[in-house]
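J.: If you scroll down you'll find the structure; I have some questions about it.
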């Protein structure tokens with residue numbers, strides 16, 4: 024069960040080197056400033072994970088907007104012209120620098136890229152330096168200037184938040200919102216409520232990965248699901264705040280692996296949205312009527328769209344690689 028979180032965070036970070044794609048990136052980004060993408064998603068190929076922008080959802084036209092070989096976890100700022108993401112730097116065999124990752128901001132109207140976290144060396148309980156910090160899984164509040172994210176800056180992964188102003192970008196001593204009391208309890212996938220007052224997230228505190236919720240200051244931690252399933256993950260509030268979407272192995276019937284579910288913000292009224300396949304990474308359309316998600320096979324990943332009641336499922340994006348983690352541009 025723990026492998027589903029930890030292996031995804033760390034897989035491949037220790038053995039590869041990223042490539043500089045500066046010239047190609049600026050050529051591609053010049054095209055992006057002329058359009059207004061509706062959707063971002065991540066495409067995984069051997070040796071890379073790139074963020075793509077979909078600038079015509081009807082035709083499925085996509086544009087690679089990644090600067091480095093490993094960029095993932097896109098999240099929109101409320102204007103829909105800026106997004107944050109995780110930039111992974113792999114182990115450098117020439118310098119010996121450990122793998123690390125940070126949260127960056129990208130402006131759609133220019134080629135501007137700005138880091139908002141900075142890696143530092145962290146120590147274990149015996150004060151032995153273990154490596155550089157991994158900062159990842161950002162989610163940008165649509166009501167405030169705060170970004171919540173996951174970090175192991177204190178050796179174990181916890182949830183943090185940082186405030187971003189229009190004039191000052193940088194690691195401004197992020198606030199720690201969770202505290203792991205043992206190595207079994209793992210936090211992941213933090214996401215804001217529409218009004219910025221709550222954060223919903225995944226925790227394995229009870230032994231299974233379940234959905235929890237807390238206040239924006241880290242108080243009032245409350246378990247929402249008790250599904251007795253191996254995983255319940257990637258919770259996301261609907262734009263109106265009336266529902267939370269997530270994926271889970273709950274109600275697996277032999278043909279299913281993972282499916283998309285919705286529930287009320289208090290954990291009641293759980294409804295199965297997708298009925299078959301391996302479906303992950305739900306996100307809402309701006310009107311809250313549909314859910315976009317990734318349908319995975321052993322070798323491919325496709326971006327699908329479905330009504331919130333489970334009707335009218337359709338494929339949006341097909342690529343020769345594994346597409347996942349779609350996120351729709353907010354209403355503006």
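Residue numbers (the working numbering): 24 to 355.
Where a beta carbon is used, it is the ideal one built from N, C-alpha and C, also for glycine.
Predicted, not measured: the structure shown is a model, and the values here were computed from it.
Might you give, ordered along the chain, the residues of its own chain that have their beta carbon closer than 7 Å to the beta carbon of residue 3, omitting 5 neighbours on each side?
T.: Residue 3 is absent from the structure shown; the chain starts at 24 and stops at 355.
J.: Quick test of the definition: if touching needs 3 or more C-beta pairs under 8 Å, does the stretch 332-339 touch the stretch 87-103?
T.: They do not touch, by the three-pair rule.
J.: From the DSSP output, in three-state form, read off residue 246 for me.
T.: Along the chain shown, read from residue 1 onward, the residue named residue 246 stands at position 223. Residue 246: strand per DSSP, three-state reduction.
J.: Could you tell me if residue 297 is buried or exposed, where buried requires 16 or more neighbouring beta carbons within 10 angstroms of its beta carbon?
T.: To locate residue 297, count along the chain shown from 1; it is residue 274. Classification for residue 297: buried.
J.: Between 321, 333, 323, 262, which has its C-alpha nearest residue 307's C-alpha?
T.: For the purposes of this step, residue 307 is identified with residue 284 of the chain shown, where counting begins at 1. Comparing Cα-Cα distances from residue 307 to each of 321, 333, 323, 262, the minimum goes to 262.
J.: Can you check which of these residues, 258, 140, 302, 287, is closest to residue 346 by C-alpha distance?
T.: In the chain shown, counting from the first residue as 1, residue 346 sits at position 323. With distances taken between Cα atoms, residue 346 lies closest to 302.
J.: Just verifying my parser: in three-state terms, what is the DSSP assignment at residue 131?
T.: Residue 131 sits at position 108 when you count from the first residue of the chain shown. It is coil, neither helix nor strand.
J.: Going by DSSP, what residues sit across from residue 77 in a beta bridge?
T.: As a position in the chain shown, residue 77 is number 54, starting the count at 1. Its beta-bridge partners are 62, 85.
J.: Since residue 324 sits in a beta bridge, which residues does DSSP pair it with?
T.: Working through the chain shown from its first residue, we reach residue 324 at position 301. In DSSP, residue 324 forms a bridge with 319, 345.
J.: To which residues does DSSP link residue 288 through a beta bridge?
T.: Position 265 of the chain shown, counting from 1, holds the residue named residue 288. Per DSSP, none; premise fails for residue 288.
J.: Taking all protein chains shown into account, do 16 or more other C-beta atoms lie within 10 angstroms of the C-beta of residue 312, making it buried, or fewer, making it exposed?
T.: Reading the chain shown from its first residue, position 289 is the one you call residue 312. With fewer than 16 Cβ atoms within 10 Å of its Cβ, residue 312 is classed as exposed.
J.: With DSSP run on the structure shown, which of helix, strand or coil describes residue 216?
T.: As a position in the chain shown, residue 216 is number 193, starting the count at 1. Looking at residue 216 - three-state DSSP - the assignment turns out to be coil, as it is neither helix nor strand.
J.: In terms of DSSP beta bridges, what is residue 210 paired with?
T.: As a first step, residue 210 is located in the chain shown; it is residue number 187 there, counting from the start. Per DSSP, 226.
J.: Here's the rule I'm using: 16 or more other beta-carbon atoms within 10 Å means buried, otherwise exposed. How should residue 230 be labelled?
T.: Reading the chain shown from its first residue, position 207 is the one you call residue 230. Exposed, since its Cβ has fewer than 16 Cβ neighbours within 10 Å.
J.: What would DSSP say about residue 67, mapped onto helix, strand or coil?
T.: For the purposes of this step, residue 67 is identified with residue 44 of the chain shown, where counting begins at 1. Correct three-state label for residue 67: strand.
J.: Strictly by DSSP, which residues pair up with residue 169?
T.: On the chain shown, position 146 is the one that residue 169 refers to. According to DSSP, residue 169 bridges with 186.
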